[in-house]
Structure formats: structure tokens, C-alpha cells
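Student:
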Amino acid sequence: MSDAIPVRDPREPRFPVIVKHPTFSDVKSNFNGSDYSRWLGISAFSFPAGYVFGLKLHRHVAVPSMVVTGVLGSLGGFLWAFQNSSFRLQGYKANPMETEKAYQKQQGVFLASKKFAGKKKGPRFYKEVGLGFKTPKSAIEGQYVDKKCPFTGNISIRGRILKGVVLSTKMKRTIIVRRDYLHFVKKYKRFEKRHKNVAAHLSPAFRVKEGDVVTIGQCRPLAKTVRFNVLEVEPASETKPINVRKQFRQF
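In the numbering used here, the protein residues as written are -17 to 233.
Below, the structure written as C-alpha cells:
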């Protein structure tokens, strides 16, 4: 029996795959601080470097050389950052979104099944939550593992179905949803504007930003304050950004 160490195929991703075939918007939204600093650093260095190089040739060439070198440097920095972001999504580089140290596997899925031997795509569990909500394509074809996901985890949706606007996405896999409503004051016979903030679990199958309208469904308690799960996302308009805290939206 040979004790040789098996050689890993360099074409196979080493890290968990977030999106197998990312689009331009997926890669752009995955930019982190390192990507932006790399892009801005190369751009800031290109302009003075081009000016100094042109000045050594001739003083009349200094400004055109600075412009050309700066534009090329900015484009190169963007392409470098874009490539790193794309590699992180496809699993060829470590992604800060996936920080779990333990091996991630779905509960009740036998990964060593002979049925999937030699195939690129392994066994994956997914389901329909019902109530007319469709299972997203990213949940079916994705490689993420989330036990609290309503489509690929051990979660059942029952109880209230609510709609609201995404207020914050700072937490990991948890968002804050703002729900505006009108409260009737009997003394003055008037309505006043009020709102409630609701914490909801966000599955990696969805990509949301502040201002998006989400549909959340009630499930079992997932944390001390989390009792809801995101079921559907309606992206906000890119051309007309709104202030979530100032604009009153009632659903």
C-alpha cells in the first residue's frame, strides 16, 4: 500500500464556495477594505510616478504622462481588487465571510455516498418552506452550510409573515429590519408615526443592502433576540437611494 501524499488538484477550490459563477454585481458587493486600499494605493502611486517619469524625458511630456499612467494604474488596481474578490467568492482564497474553523457539513447528508463518486457536485439538502415562497437558486446550487437557513437547514416557518426595510447589515448573518406603522392617539384623535426594529436571520442565499425590502417569517428562537428568518428580498433602486430612517414606508 502506497503512503504517498495525494496531490491536490490546483483547479479545485480550497475554501468554501460562496458563488460558483459570480456576476459583476456579486464581485463588486464582495469588495472589502483590503481591496479598496489596494485599488486606491495603486491609483495614488501611479499619478506622481507618471509625472516623475515624464519629467525626466521632457517637461512638456510630464502632464500627459501623469494622466496616462494614472488612468492605467487605476484600471490595473481595480482589476486586481476585482480578481481577488472573485477568487474569494469562488473558494480559491479565504473569504472573511467563512471563518468557521470546523469542517462544515449539512446535517443528515452522507458526503461519502457512492452515488456522487467522481462527480463535481456532491449531495446537498434543500427544501421548500411553503406558503408560496420559492427556494432561491443560490440555495440549491450553492455550497454554503447554514443550519439556521430556512431552505437548507433545520428551520420551519410558522406564525407571522412580516415585511420591512433593511436598516442594518453590520452583524454576521443577522440583519435589523425596520417596520413603520401608525399609532392612533385617542386624546387628540390623530395618528402618529412609530416604528419597530426586528432582528432577523439572513441566509447566505440572499444578498441584501440597506434600503432593500425583505419578507421575514417567524420561526423558532435562533438567539436571544432573533425570532424571524428572511424569506424574500426586493432590491432597492440603485438610481434613487433612500434614507431608511427618514422615509416612512408602511406595509
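For each residue, glycine too, the CB sits at the ideal point set by N, CA and C.
The model shown is predicted, which means the values in this text are computed figures rather than measured ones.
1. Express the C-alpha separation of Arg41 and Gly32 in angstroms, rounding to a whole number.
2. Any idea if Gly23 is buried or exposed, counting beta-carbon neighbours within 10 angstroms, 16 or more meaning buried?
3. What did DSSP end up calling Asn66 once you bin it into helix, strand or coil?
4. Over the uninterrupted beta strand (DSSP E) stretch that includes Tyr163, give me the two end residues.
5. Using 8 Å as the threshold, is the segment 141 to 150 in touch with the segment 196 to 212, meaning 3 or more CB pairs across them?
6. DSSP three-state call for Thr5: helix, strand or coil?
7. Per DSSP, which one or two residues make a beta bridge with His177?
8. Between Gln237 and Leu164, how many whole angstroms is the CB-CB distance? I'm expecting something under 8 Å.
9. Which residues in the same chain have their Cβ closer than 7 Å to the Cβ of Ala297, if we skip the five residues on either side of it in sequence?
10. Do Pro105 and Ser185 have their C-beta atoms within less than 8 Å of each other?
11. Excluding five sequence neighbours on each side, which residues of the same chain lie with their C-beta closer than 6 Å to the C-beta of Trp21?
Tutor: Looking at the atomic coordinates:
1. Across the structure, Gly32 and Arg41 are spaced so that their CA atoms are roughly 12 Å apart.
2. It counts as exposed.
3. In the structure shown, Asn66 sits in a helix (DSSP, three-state: H, G or I).
4. Taken as a continuous stretch (DSSP letters only), the beta strand (DSSP E) holding Tyr163 covers Thr156 to Val167.
5. Yes, the segment 141 to 150 touches the segment 196 to 212.
6. Here Thr5 sits in coil by DSSP.
7. DSSP lists Asp162 as partners of His177.
8. The structure shown does not extend to residue 237, since the chain spans only -17 to 233, so no value can be given for it.
9. A question about residue 297 goes unanswered here, because the residues of the chain that appear run from -17 up to 233.
10. Remark: C-beta atoms of Pro105 and Ser185 do not approach each other more closely than 8 Å.
11. Contacts found: Gly59, Phe60 and Ala63.
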